[in-house]
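S.K.:
Protein chains: 2
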Amino acid sequence: MPKERTITVELGDRSYRIVIGSGLLGGQFELAPYVHGPDCLIVSNETVAPLYLAALKQNLPGRDVSEVILPDGESFKTLASAASVIDGLVRAHANRDTTVIALGGGVVGDIAGFAAACYMRGVAFIQVPTTLLAQVDSSVGGKTGVNHADGKNLIGAFHQPQLVLIDTDTLQTLPARELRAGLAEVIKHGAIADADYFSWLETNMAGLLRGDFELLAAAIQRSCEIKAAVVAEDERERGMRALLNFGHTFGHAIENSLGYGEWLHGEAVAAGMVMAAALSQLEDAQFERLKVLLAAASLPIAPPLVGSGRMAAAMKLDKKVQSKVLRFVLLKRIGEACVTADYPAAILEEVLAMADAAAS
Amino acid sequence: MPKERTITVELGDRSYRIVIGSGLLGGQFELAPYVHGPDCLIVSNETVAPLYLAALKQNLPGRDVSEVILPDGESFKTLASAASVIDGLVRAHANRDTTVIALGGGVVGDIAGFAAACYMRGVAFIQVPTTLLAQVDSSVGGKTGVNHADGKNLIGAFHQPQLVLIDTDTLQTLPARELRAGLAEVIKHGAIADADYFSWLETNMAGLLRGDFELLAAAIQRSCEIKAAVVAEDERERGMRALLNFGHTFGHAIENSLGYGEWLHGEAVAAGMVMAAALSQLEDAQFERLKVLLAAASLPIAPPLVGSGRMAAAMKLDKKVQSKVLRFVLLKRIGEACVTADYPAAILEEVLAMADAAAS
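Protein sequences, first through last, are from chains A and B.
All letters in the first sequence, in the order written, are residues 1 to 360 by the working numbering.
All letters in the second sequence, in the order written, are residues 361 to 720 by the working numbering.
Shown next as structure tokens:
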């Protein structure tokens, strides 16, 4: 078995490596060659910093390291938090050759990456994702940003990291609920792009939930490979990258209707995928397989009862809406997705009605 | 004489045109083909909107036009102003295919461009600069951003416009002080890149100050050509683009020491160019020519008496500082500049001392 697994995101002069393995954060992987200037700023949150900040700092000998510790949670993924990271850079007298290091989950990575994109019109940054969701999805591909009161990720930038360092040991301290939320994105990758991977997940879900290290590392690798290939093809989401948003239009509407942070992003995406699959008019057996796999991961397979009207209103502002026509990522079958506005309006109404009463 | 003058900024698939002429804003130039989606948001300020907003809107028939009117002044070039533009886009339910149109001076263009860069990770924008400074400098090249309390333009993005539409008629309503401030950047272009242009400016400064339309249009064209060539060569300021910052390291320190908005940007750059020329140890006759030309434009040729210590402190945070070594754009001779950290420290002290007592 390899000591560490490496995937390259091929983006010309913005290419970078994803390195996956055990003990990397604390020194098994030498971080210093990726920090080009004399100083760096670590951005983390109040939950993750006590666990991993000291180890990460030891992996940066001779560097002038400062830090910004944010409160934990999606509700803090705001422009104000990004501004506080920028304030930290200003306080540290950071120059254009500074490096921002995001240590935490997707929220930390999105905020830190956006601050790095904006500070002096762009400085380097490194992702050190510590949640499964960030490791398999949000840390790869350069999407950064914060939420607006009226919509998720409405404020942001495409800004690729220099490196994604995935230390699988961090999953040992991840709450079970967050592990499951990360598995929603893992299942998504199988559903949209790789039927064999989906089958492998069906076989191994119990082991993944148990935290089996080898299985988790294998899933992280396969998910990162899928994501890296999509990003290499379509960095700025002008086409196929949108497929990664499977379940996200409904999922964002759920998060927006409930208030950010009530459900975890992965939980909302899980229910959103069931809704999108229903809109896809997938054949019954395939639809069942998706629901069964999500349920096996203890993920929700129906939206919360926020009301179909509220869901619909929330979707009006979704970023995936083009020219006010609602487009969705739908499944042709497990392993193949497409973006389309071609679906019966009546079925969309039925799907939204899942938020009015308990779904079967 | 040509009805309108056109320059192309060559940036591959991000190339765009600068169109210069009279009456363009109100319809002599058809704007609609550059607004691809059904809606757009015009960003302007309280001074410019009453003069030109109605005309610009008439040039957008059939489009769903909304607007955000900012207070006027450099002191409002803040993250909060950018957020208010984003709020306007959210209120208008703007999608990825919306277009932001900046109608105003450099402050409006920088804020609107930054908001366009961040909204949904980047939407289209058009510059309609109405001050000489914005027409010859800030509207071209894709630098967008806002100030931080501790430094100018510390928060921003590179985001190229789709079009720069320069209606020279707008200069008729520009206060004389702002016309002069714009001439500082015009003089800068001659000083760093084109000795013949510098000589032409020496010959024609009186006419330019008088507001001679043909002379102004010729200067705007030549300055935009110089700027466009530099930007095409080095979009992200990794090299020669930094030459455009001649006078700006000192200039920013002046603005920062006085408080933004006390002196106009162009005024601070004028004094900053004299300081940079002094640090360049330019030969006496050339140094005199620069001072005489700036004085002919009624621009300051010495910094305000804020104290050398304060100036030095302000420069610590300047974006042009790399790895804490102060680098400056210096002149080899009129028409040729370089970026260097190679200058006698004693001379820098002398130059900063100009802020301690009146300079000769």
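We treat Cβ as the ideally placed atom computed from N, Cα and C, and that holds for glycine.
Where do the N-terminal and C-terminal ends of the beta strand (DSSP E) with residue 436(B) fall, by residue?
M.R.: Start at 1 with the first residue of the second sequence, and residue 436(B) comes out as number 76. Unbroken run through residue 436(B): none, as it is neither H nor E.
S.K.: Of all the alpha helix (DSSP H) runs that stay within the bounds of the stretch 476-564 of chain B, which reach a length of 4 or more residues?
M.R.: If we require 4 residues or more, the alpha helix (DSSP H) runs fully inside the stretch 476-564 of chain B come out as 536-553.
S.K.: Compute the Euclidean distance between the alpha carbons of residue 467(B) and residue 542(B), then round it to the nearest angstrom.
M.R.: On the second sequence, position 107 is the one that residue 467(B) refers to. On the second sequence, position 182 is the one that residue 542(B) refers to. Computed Cα separation, rounded: 13 angstroms.
S.K.: How should residue 596(B) be labelled, buried or exposed, when 16 other C-beta atoms within 10 angstroms of its C-beta is the threshold for buried?
M.R.: Locating residue 596(B) in the second sequence gives position 236, counting from the first residue. Burial call: exposed.
S.K.: Tell me the DSSP secondary structure of residue 575(B) in three-state form.
M.R.: What you label residue 575(B) is simply residue 215 of the second sequence in a count that begins at 1. Three-state DSSP puts residue 575(B) in a helix.
S.K.: Looking only at its own chain, which residues have a Cβ that is under 7 angstroms from the Cβ of residue 699(B), when we skip the five neighbours before and after it?
M.R.: In the second sequence, the residue the question calls residue 699(B) occupies position 339. Same-chain partners within the cutoff: 602, 603, 687 and 689.
S.K.: Check the DSSP bridge columns for residue 337(A) and list the partner residues they point to.
M.R.: Numbered from 1 along the first sequence, position 337 holds the residue referred to as residue 337(A). According to DSSP, residue 337(A) bridges with 331(A).
S.K.: What number of angstroms, rounded off, separates the C-alpha of residue 706(B) from the C-alpha of residue 638(B)?
M.R.: For the purposes of this step, residue 706(B) is taken as the residue at position 346 of the second sequence. For the purposes of this step, residue 638(B) is taken as the residue at position 278 of the second sequence. If I take the Cα positions, the gap works out to 12 angstroms.
S.K.: Could you compute how far the alpha carbon of residue 180(A) sits from the alpha carbon of residue 230(A)?
M.R.: Taking the first residue of the first sequence as 1, we reach residue 180(A) at position 180. Taking the first residue of the first sequence as 1, we reach residue 230(A) at position 230. Whole-angstrom Cα-Cα distance: 24 angstroms.
S.K.: Which of the three DSSP states, helix, strand or coil, is assigned to residue 377(B)?
M.R.: Along the second sequence, read from residue 1 onward, the residue named residue 377(B) stands at position 17. Residue 377(B): strand per DSSP, three-state reduction.
S.K.: In whole angstroms, give me the CA-to-CA distance for residue 91(A) and residue 63(A).
M.R.: By one-based count along the first sequence, residue 91(A) stands at place 91. By one-based count along the first sequence, residue 63(A) stands at place 63. Going from the Cα of residue 91(A) to the Cα of residue 63(A) covers about 16 angstroms.
S.K.: With DSSP as the reference, label residue 9(A) as helix, strand or coil.
M.R.: Within the first sequence, the letter at position 9 stands for residue 9(A). Strand.
S.K.: My assumption, with CB atoms under 8 angstroms, is that residue 521(B) sits in contact with residue 502(B). Please give the rounded CB distance.
M.R.: Here the question's residue 521(B) lines up with position 161 in the second sequence. Here the question's residue 502(B) lines up with position 142 in the second sequence. Confirmed, about 7 angstroms.
S.K.: Do residue 578(B) and residue 616(B) count as a contact pair if the criterion is CB distance below 8 angstroms?
M.R.: Taking the first residue of the second sequence as position 1, residue 616(B) is located at position 256. Taking the first residue of the second sequence as position 1, residue 578(B) is located at position 218. No. Outside cutoff.
S.K.: Taking Cβ positions only, does residue 43(A) come closer than 8 angstroms to chain B?
M.R.: Within the first sequence, residue 43(A) is the residue found at index 43, counting from 1. Closer than 8 angstroms: no.
S.K.: Within the continuous beta strand (DSSP E) that includes residue 459(B), where are the two ends?
M.R.: Here residue 459(B) is taken as the residue at index 99 of the second sequence, counted from 1. Residues 459-464.
S.K.: Would you call the stretch 391-405 of chain B and the stretch 440-451 of chain B in contact, with 3 or more CB pairs under 8 angstroms?
M.R.: Output reads yes: the stretch 440-451 of chain B touches the stretch 391-405 of chain B.
S.K.: By the criterion of Cβ-Cβ separation under 7 angstroms, what are the contact partners of residue 478(B) in chain A?
M.R.: On the second sequence, position 118 is the one that residue 478(B) refers to. 155, 156 and 157, listed in chain order.
S.K.: Suppose the cutoff is 7 angstroms on Cβ atoms and the five residues either side in sequence are ignored; what does the same chain contact list for residue 534(B) look like?
M.R.: If you number the second sequence from 1, residue 534(B) lands on position 174. The residues are 491 and 492.
S.K.: Whose CA, out of 663(B), 463(B), 570(B) and 498(B), lies closest to the CA of residue 630(B)?
M.R.: Here residue 630(B) is taken as the residue at index 270 of the second sequence, counted from 1. Minimum Cα distance to residue 630(B) is reached at 663(B).
S.K.: So, helix, strand or coil for residue 683(B), using DSSP?
M.R.: On the second sequence, residue 683(B) is found 323 positions in, with the first residue counted as 1. Here residue 683(B) scores only 44 on pLDDT, less than 50, and its place in the model should not be relied on; the value that follows carries that caveat. Correct three-state label for residue 683(B): coil.
S.K.: Output the boundary residues of the beta strand (DSSP E) element that contains residue 405(B).
M.R.: As a first step, residue 405(B) must be located in the second sequence, where it is residue number 45. Its beta strand (DSSP E) spans residues 399-405.
S.K.: Per DSSP, which residues does residue 427(B) bridge with? Please list them.
M.R.: As a first step, residue 427(B) is located in the second sequence; it is residue number 67 there, counting from the start. Its beta-bridge partners are 402(B).
S.K.: Taking Cβ positions, are residue 413(B) and residue 551(B) nearer each other than 8 angstroms?
M.R.: Along the second sequence, read from residue 1 onward, the residue named residue 413(B) stands at position 53. Along the second sequence, read from residue 1 onward, the residue named residue 551(B) stands at position 191. Cβ atoms of residue 413(B) and residue 551(B): not closer than 8 angstroms.
S.K.: Would you say residue 105(A) faces chain B, with C-beta separation under 8 angstroms as the test?
M.R.: For the purposes of this step, residue 105(A) is identified with residue 105 of the first sequence, where counting begins at 1. False, the Cβ-Cβ gap to chain B never drops below 8 angstroms.
S.K.: Residue 86(A) touches chain B at which residues, Cβ-Cβ below 9 angstroms?
M.R.: Here the question's residue 86(A) lines up with position 86 in the first sequence. In chain order: 439, 508, 514 and 515.
S.K.: Reducing DSSP to helix, strand and coil, say where residue 349(A) ends up.
M.R.: Numbered from its first residue, the first sequence carries residue 349(A) at position 349. Residue 349(A): helix per DSSP, three-state reduction.
S.K.: So, under 8 angstroms CB-CB, residue 367(B) and residue 584(B) are touching, yes? Tell me the CB distance rounded to an integer number of Å.
M.R.: The residue given as residue 367(B) occupies position 7 in the second sequence. The residue given as residue 584(B) occupies position 224 in the second sequence. Rounded, the Cβ-Cβ distance is 5 angstroms, consistent with contact.
S.K.: Check for me: the alpha helix (DSSP H) holding residue 319(B) runs from which residue to which?
M.R.: Beyond the ends of chain B as shown, which are 361 and 720, falls residue 319(B); an answer cannot be given.
S.K.: For residue 90(A), go through chain B and note every residue whose CB falls closer than 9 angstroms to its CB, in chain order.
M.R.: Looking up residue 90(A) in the first sequence gives position 90. The answer, in chain order, is 508, 509, 510, 511, 514 and 677.
S.K.: Where does residue 4(A) sit, in a helix, a strand or coil, going by DSSP?
M.R.: Here residue 4(A) refers to the residue found at position 4 of the first sequence. Strand, per DSSP.
S.K.: Cβ of residue 102(A) within 7 angstroms of any heavy atom in the ligand FAD?
M.R.: Of ligands this structure carries none, so the ligand FAD is not represented either.
S.K.: When the Cα of residue 116(A) is compared with those of 517(B), 646(B) and 652(B), which residue comes out closest?
M.R.: One-based indexing of the first sequence puts residue 116(A) at position 116. Nearest of 517(B), 646(B) and 652(B) to residue 116(A), Cα basis: 517(B).
S.K.: Buried or exposed for residue 300(A), please, with buried defined as at least 16 other CB atoms from any protein chain shown within 10 angstroms of its CB.
M.R.: As a first step, residue 300(A) must be located in the first sequence, where it is residue number 300. So residue 300(A) counts as buried.
S.K.: In angstroms with no decimal places, state the Cα-to-Cα distance between residue 222(A) and residue 211(A).
M.R.: Against the first sequence, residue 222(A) aligns to sequence position 222. Against the first sequence, residue 211(A) aligns to sequence position 211. Near 17 angstroms, if we compare the C-alpha coordinates of residue 211(A) and residue 222(A).
S.K.: Whole angstroms is fine: what's the gap from residue 200(A)'s alpha carbon to residue 288(A)'s?
M.R.: Position 200 of the first sequence, counting from 1, holds the residue named residue 200(A). Position 288 of the first sequence, counting from 1, holds the residue named residue 288(A). Cα to Cα, the separation comes out at about 16 angstroms.
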